[in-house]
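*Asks:* Structure in structure tokens, see below.
2 protein chains.
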Amino acid sequence: MVTWKNLDTLASYQELEKVEKVNLAEVMSGENGAERVKNYSIPMGAGLVYNYAAKKVDDNVLAALAKLAEEAQLTEKFEALYNGEVVNTGEKRLVLHHMCRGQLGEAVNADGVDKRTFYTGEQTKIAEFAKKVHSGEIANAAGEKFTTVVQIGIGGSDLGPRAIYLALENWAKKNDTLKMEAKFISNVDPDDAAAVLNSIDVAHSLFVLVSKSGTTLETLTNESFVKDALKNAGLDASKHMVAVTSETSPLAKSADYLAAFFMDDYIGGRFSSSSAVGGAVLSLAFGPEVFAQFLDGAAEADALAKNTELTKNPAMLDALIGVYERNVLGHLCTAVLPYSQALSRFPAHLQQLDMESNGKSVNRFGEPVNYVTGPVIFGEPGTNGQHSFYQLLHQGTDIVPLQFIGFKNNQCGMDVDIQGSTSQQKLCANVVAQIVAFACGKDDENLNKKFDGGRPSSIIIGDQLTPASMGALLAHFENKIMFQGFTWNVNSFDQEGVQLGKVLAKRVLAHETDGALKVYSDLLNI
Amino acid sequence: MVTWKNLDTLASYQELEKVEKVNLAEVMSGENGAERVKNYSIPMGAGLVYNYAAKKVDDNVLAALAKLAEEAQLTEKFEALYNGEVVNTGEKRLVLHHMCRGQLGEAVNADGVDKRTFYTGEQTKIAEFAKKVHSGEIANAAGEKFTTVVQIGIGGSDLGPRAIYLALENWAKKNDTLKMEAKFISNVDPDDAAAVLNSIDVAHSLFVLVSKSGTTLETLTNESFVKDALKNAGLDASKHMVAVTSETSPLAKSADYLAAFFMDDYIGGRFSSSSAVGGAVLSLAFGPEVFAQFLDGAAEADALAKNTELTKNPAMLDALIGVYERNVLGHLCTAVLPYSQALSRFPAHLQQLDMESNGKSVNRFGEPVNYVTGPVIFGEPGTNGQHSFYQLLHQGTDIVPLQFIGFKNNQCGMDVDIQGSTSQQKLCANVVAQIVAFACGKDDENLNKKFDGGRPSSIIIGDQLTPASMGALLAHFENKIMFQGFTWNVNSFDQEGVQLGKVLAKRVLAHETDGALKVYSDLLNI
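Here the protein sequences line up with chains A and B, keeping their order. Sequential numbering of the first sequence, starting at 445, is according to the working numbering. Sequential numbering of the second sequence, starting at 445, is according to the working numbering.
Structure below.
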């Protein structure tokens, strides 16, 4: 039985605060630095490695973090979660997204069914549907194949699937497995849907409507928008749309859709990329075999997250280093910096995953906490970021911990050799150089050209960004965020902070406003 | 004559710290709140309005900020800048980007020419070139019109022009002024160039190579990449490329380009969108008349930045409220939240503009400062962000000041009426609701559903996102950041923090490494 305690009540946390701080510039210099880079490295699944040599940790800090992991019962809490305990206490729900990619523990029955069977059953339904679409057995009214898939969803139904699609689009083209081009409509801004509709041939497009509740304002509005466009093109909308929703939603058994695929209340939106929410669009775009490889990579990372030994559990280690940076060292943001253009939207997905999960001020019992919780997350791909915001990261007045990601090989297989090196080598040389520049700095008499160093980073290294490594990467961060939520004793699986805005927006649209809300509404001609 | 002093040496700053803090939830409630929204509002040029009612200011704070503006000589420093003083002291350069859009003060001669004449001369050259491309007078080897323009550049040569192109693409389509589709290659990751080249017809594409020095690693590498692709397609690269560079760069008089357009050392990369750096690609994409409208909008905002009265100078006011939030109230980041899908990459541009300009720890004399300077900037369009990171903004343990942007009308002119309102109304209702939710919060017995409020925001409101309003928006933020740099007494126009990484990357590529750098290089197979 696990017990849920606030971080600042744990003896091991108080010990952690007292451990001598690491002088990063010093420990990363010379042979000692070389040894750290060799030793502070663990496999994360699917060929990825998590290297934390340039973090402000040493064996003493790691020992203290291991004690914290133990006292906070992190792996036991994960075990409780995947064995079906009601870990999302606020909404009184199980948390089962791991079960989309494997059975980590006991069978979990809920709503009268075995949940692993339910999730794999939906995957099979999606795979069969996708194959029929690809073969032309399911086609448009003229009997022609669908060439484009358009996801209509927002938040968790958009950012993860979109980031993963972009991450694998060029890989799929190169490997002849891009079956359909994917597009995404999310924003209630009518220009979002209009621009996507203007860029596609609706007659050959299949729309995937994703809303768990079947009531999401933006998504239903955009569905109407698309239906109008289909109707105006003389098409039967119900022959161009599928739904991804819960079995109890109004969309579940509607004749408005070619097919419906199901998720349930035990998978939160931001954790739903490996459920039907990501499964439908990604299986249609890349083929179900590719989506299966993605799930396998995620399952590998999940299995590692069960390790009770801290330095064999990359997600738990990453989580606790993050807590140490946030609560003990006092750093406030984290930047995610993938040296891979394909991961251009992955930081935006992690921003949601992390900030929506752990951006909380009360613990899981609804009591205020006396310490900071989830950080602000932001990031852009390198080397682009180097020519943008890295100035502040190197010489600004605040220290921002960094998460680099790099791959030895590119996806497209096209490259150019200039001045004795390929673009891929230049890309990798830059990420390596940045780690050392941030950690070690450089002295200069002119303080404007001086770099203090002492700016911590870790790097995730892989051979290539593939479906499997993408799966492992995603699962790593999902699990990291989960472990951080356990450590901070917050419920990472609800999001009450999004409710008030929705309520007030409805009031504005109903013209039931006064005071500031009324004047603002007038200013915007609502 | 202006004098440059550190913020903490100013008497007015010490007074500002003592002014009674504003209880935002209280002042934004009831009739008082309505009055604030009506009164705390100023024109920003091109029909835009800056509304700061939901900031933690009142007439006392504003009076203290006005004193600070005066003691810090902010408008005098701006005057010195546009009259050609060497404000970029580190690099010993003038700062003249305003002169691309107007003559704010005296004529400035440098390098033996009148700089306003030089910048408008380049605009004229670009306009004539663009018209010839659009008419087909300049065409490919087969005599066919170019249909696509591809910018090759990074950082300042990428983010601004890209954000502006995306901001106006749908407007231009709707107004029949989209002459050529634009694409952008920036990252040294070879998959970036490969993906763009795979998506276009190179035979009908014109490439704009942008590098002030003519030596930017990423840009020259990508140029080679593109030249290979043109050669492989049997095309003469020199008939498909133009250069935007300085007159002294190796690219300036090369036979490798159809034409060359010039900028100079007095316009920093991140401030170069209104120079030839943005001018070439945007004039080719939209036509020179549209680019001229953009410049006119920027000029309107620049003129307002000359006002010595704080509440008639939106950029200066925005700047000082930001300094107040950062240095007195202790808030650390700022989120930019445009309720406009067209502005999807504008936050990334502002991230560069702000963090690269003011992410500094030394003052303009190279002495360490004893206060925090530029904040971390991040953001995504609403309503998408509402379903992502707003949880932390509403209920996280840190307060993040917010910059909303909203427009009364969409760009595409397509909309749908659902449940009594259009998508555009829903979009606007959401931004209005968020301002009030953040400011006023909501009490609840269940603390998990409680909103403390007191979270400050401002909103920029416009009729529609057009070339002119885009210009005013950009110039507003450029000027805001300039005023903040003046206030913090940092040099906002250099970026020494990007140098160390470049040096170390060269060393890695030359295999001249040891210690940690060597082991990292091995891990990434360099």
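Just so you know, even glycine gets a beta-carbon here, dropped at the ideal spot from N, CA and C.
Within 8 Å of any Cβ in chain E, is that where the Cβ of residue 858 (chain A) sits?
*Replies:* Within the model displayed, chain E is absent; protein chains A and B are what it includes.
*Asks:* I'd like to know whether the C-beta of residue 911 (chain A) is nearer than 8 Å to at least one C-beta of chain B.
*Replies:* Not closer than 8 Å to any Cβ of chain B, the Cβ of residue 911 (chain A) fails to qualify, so no.
*Asks:* When you compare each of A:758, A:923 and A:650 to residue 726 (chain A) by their alpha carbons, which one comes out closest?
*Replies:* Ranking A:758, A:923 and A:650 by Cα distance to residue 726 (chain A) puts A:650 first.
*Asks:* Kindly indicate the opening and closing residues of the beta strand (DSSP E) around residue 813 (chain B).
*Replies:* First-last for residue 813 (chain B): undefined, no H or E at that position.
*Asks:* Using a Cβ-Cβ cut-off of less than 9 Å, give me the residues of the stretch 482-504 of chain A that come near chain B, in sequence order.
*Replies:* For the stretch 482-504 of chain A, which is checked against every Cβ of chain B, the residues closer than 9 Å are 482, 485, 493, 495, 497 and 498.
*Asks:* Does the CB of residue 839 (chain A) have a neighbour CB from chain B at under 8 Å?
*Replies:* Answer yes: the Cβ-Cβ gap between residue 839 (chain A) and chain B drops below 8 Å somewhere.
*Asks:* Between the stretch 819-845 of chain A and chain B, which residues of the former have CB atoms less than 7 Å from a CB of the latter, in chain order?
*Replies:* Listed by position along the chain: 820, 822, 824, 825, 827, 828, 830, 831, 832, 833, 834, 835, 836, 838, 839, 840, 841, 842 and 844.
*Asks:* Report all residues from its chain with a CB closer than 8 Å to the CB of residue 549 (chain A); omit the five preceding and five following residues, and keep chain order.
*Replies:* Closer than 8 Å at the Cβ level, and outside the excluded window around residue 549 (chain A), lie 523, 526 and 527.
*Asks:* Listing by chain order, which chain B residues have their CB less than 8 Å from the CB of residue 795 (chain A)?
*Replies:* The contacting residues are 822, 824, 832 and 833.
*Asks:* Rounded to the nearest angstrom, what separates residue 609 (chain A) and residue 688 (chain B) at their Cα positions?
*Replies:* Rounded to whole angstroms, residue 609 (chain A) to residue 688 (chain B) spans 34 Å at the Cα level.
*Asks:* Residues of chain A with CB closer than 7 Å to the CB of residue 662 (chain B), please, in chain order.
*Replies:* Simply 827.
*Asks:* Candidates A:957, A:752, A:790 and A:729: which alpha carbon is nearest residue 714 (chain A)'s?
*Replies:* Of the listed residues, the one whose Cα sits closest to residue 714 (chain A) is A:790.
*Asks:* Does the beta carbon of residue 799 (chain B) sit closer than 8 Å to a beta carbon anywhere in chain A?
*Replies:* Cβ-Cβ to chain A under 8 Å: yes for residue 799 (chain B).
*Asks:* Apart from the five residues just before and just after residue 519 (chain A), which ones in its own chain have a Cβ nearer than 6 Å to its Cβ?
*Replies:* Around residue 519 (chain A): 752.
*Asks:* For residue 885 (chain A), does the three-state DSSP call read helix, strand or coil?
*Replies:* Three-state result, residue 885 (chain A): coil.
*Asks:* Short of 8 Å in beta carbon distance, which residues of its chain neighbour residue 614 (chain B), apart from the five on each side in sequence? Order them along the chain.
*Replies:* Within the same chain, residue 614 (chain B) has close Cβ partners 786, 855 and 856.
*Asks:* Evaluate residue 699 (chain A) with the Cβ neighbour count: other Cβ atoms within 10 Å of its Cβ, from every protein chain shown; 16 or more gives buried, anything less gives exposed.
*Replies:* So residue 699 (chain A) ends up on the exposed side.
*Asks:* Tell me, please, whether the CB atom of residue 968 (chain A) is closer than 8 Å to any CB atom in chain B?
*Replies:* Yes, residue 968 (chain A) counts as interfacial toward chain B.
*Asks:* So, with DSSP's three-state summary, where would you put residue 663 (chain B)?
*Replies:* Residue 663 (chain B) falls in the helix class under three-state DSSP.
*Asks:* Which runs of the alpha helix (DSSP H) fall wholly inside the stretch 902-952 of chain B and span at least 4 residues, in chain order?
*Replies:* Listed in chain order, the complete alpha helix (DSSP H) runs (minimum 4 residues) inside the stretch 902-952 of chain B are 911-932.
*Asks:* For residue 498 (chain B), which of helix, strand or coil comes out of DSSP?
*Replies:* Coil.
*Asks:* Along the chain, where does the beta strand (DSSP E) that runs through residue 850 (chain B) open and close?
*Replies:* Its beta strand (DSSP E) spans residues 846-851.
*Asks:* Run the CB neighbour count on residue 978 (chain B), radius 10 Å, all protein chains shown included, and call it buried at 16 or more, exposed below.
*Replies:* No answer is possible for residue 978 (chain B): it lies beyond the span of chain B, which begins at 445 and ends at 970.
*Asks:* Mapping the DSSP letters down to three states, classify residue 764 (chain A) as helix, strand or coil.
*Replies:* The answer is helix: DSSP assigns residue 764 (chain A) an H, G or I state.
*Asks:* Give the DSSP bridge partners of residue 554 (chain A), in chain order.
*Replies:* Paired residue(s): A:557.
*Asks:* With H, G and I counted as helix, E and B as strand and the rest as coil, what does DSSP make of residue 969 (chain A)?
*Replies:* In the structure shown, residue 969 (chain A) sits in coil (DSSP, three-state: anything other than H, G, I, E or B).
*Asks:* Could you confirm whether any beta carbon from chain A is found closer than 8 Å to the beta carbon of residue 862 (chain B)?
*Replies:* At least one chain A Cβ lies under 8 Å of residue 862 (chain B).
*Asks:* Does the stretch 923-939 of chain B touch the stretch 793-812 of chain B, meaning 3 or more C-beta pairs lie closer than 8 Å?
*Replies:* Taking 8 Å as the limit for Cβ pairs, the verdict is that the stretch 923-939 of chain B does touch the stretch 793-812 of chain B.
*Asks:* Counting only the same chain and skipping the five closest in sequence on each side, list residues whose C-beta sits under 8 Å from that of residue 957 (chain B).
*Replies:* Only 951 and 965 meet the Cβ criterion.
*Asks:* Which residues in the same chain as residue 509 (chain B) place their Cβ atom closer than 8 Å to its Cβ, once the five residues preceding and following it in sequence are excluded?
*Replies:* Cβ within range, chain order: 460, 501, 754, 761, 764, 765 and 768.
*Asks:* Tell me, which residues are paired with residue 540 (chain A) by DSSP?
*Replies:* Per DSSP, none; premise fails for residue 540 (chain A).
*Asks:* Nearest to residue 876 (chain A) by alpha carbon, out of B:539, B:805 and B:960?
*Replies:* Looking at the Cα atoms, B:960 is the closest of the given residues.
*Asks:* Reducing DSSP to helix, strand and coil, say where residue 861 (chain B) ends up.
*Replies:* Of the three classes helix, strand and coil, the one that applies to residue 861 (chain B) here is strand, per DSSP.
*Asks:* Is it the case that the Cβ atoms of residue 598 (chain A) and residue 643 (chain A) are separated by a distance below 8 Å?
*Replies:* Contact: no.
*Asks:* Tell me whether residue 445 (chain A) is buried or exposed, calling it buried when 16 or more other Cβ atoms sit within 10 Å of its Cβ.
*Replies:* When all chains shown are included, residue 445 (chain A) counts as exposed.
*Asks:* Could you work out which residue in A:865, A:582, A:624 and A:602 is closest to residue 591 (chain A) when comparing CA atoms only?
*Replies:* Cα-wise, what sits closest to residue 591 (chain A) is A:624.
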